[in-house]
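One structure below.
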Amino acid sequence: MQQNKRRHSEKKLSSSREEYLKAIYKLSKRTQSVRSIDIALYLGVSKPSVHNAVTTLQEEGLVIKPFGGEIQLTEEGRKQGEAITTKFQIIRQFLITCCNVDELTANADACKMEHIISDETVFALKNILVKGEVLYE
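Each number in our numbering comes from the position in the sequence shown (counting from 1) with 518 added on.
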């Protein structure tokens, strides 16, 4: 890896960049080619915003975008996109199942929480969901 490219593990992406990575991951699961316009429509942002985010993700080694070409996840980008998506799904399901939060609110809250919650806490939430054990004091 080139020295000017930082690894995600060395520097955490901003929540905004994580949202872009998650969007690219989700879109790439639906279709073979992901274009800037697809991301812009999916996230409700401008194409220049997408360009800036994709440039940053490319510098981080998470996506590849040949000039004028489709956006592709690197192996590391795919892993991180999947991890962010899984984290969102666990938090969302926990809020719905264990906290009786409605789906719309759970989606919005999980989207915010996924960027700040630790992997350890997500693991604990997942265990509660899997085991069905909710402990109250």
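Note that beta-carbon positions come from the ideal geometry of N, C-alpha and C, so glycine has one too.
Please state the DSSP three-state secondary structure of Q550. Coil at Q550, not helix or strand.
From L613 to Y538, what distance separates their C-alpha atoms? Distance between L613 and Y538, taken at the CA atoms: about 23 Å.
With burial defined as no fewer than 16 other Cβ atoms inside 10 Å of the residue's Cβ, what is the status of I555: buried or exposed? So I555 counts as exposed.
Helix, strand or coil at L647 according to DSSP, with G and I counted as helix: In the structure shown, L647 sits in a helix (DSSP, three-state: H, G or I).
Going along the chain, which residues of its own chain have a beta-carbon closer than 7 Å to the beta-carbon of V568, five neighbours each way excluded? Correct list, in chain order: S554, I557, A558.
Neighbour-count burial assignment, R548, 16 or more Cβ in a 10 Å radius: Exposed: under 16 other Cβ atoms inside 10 Å.
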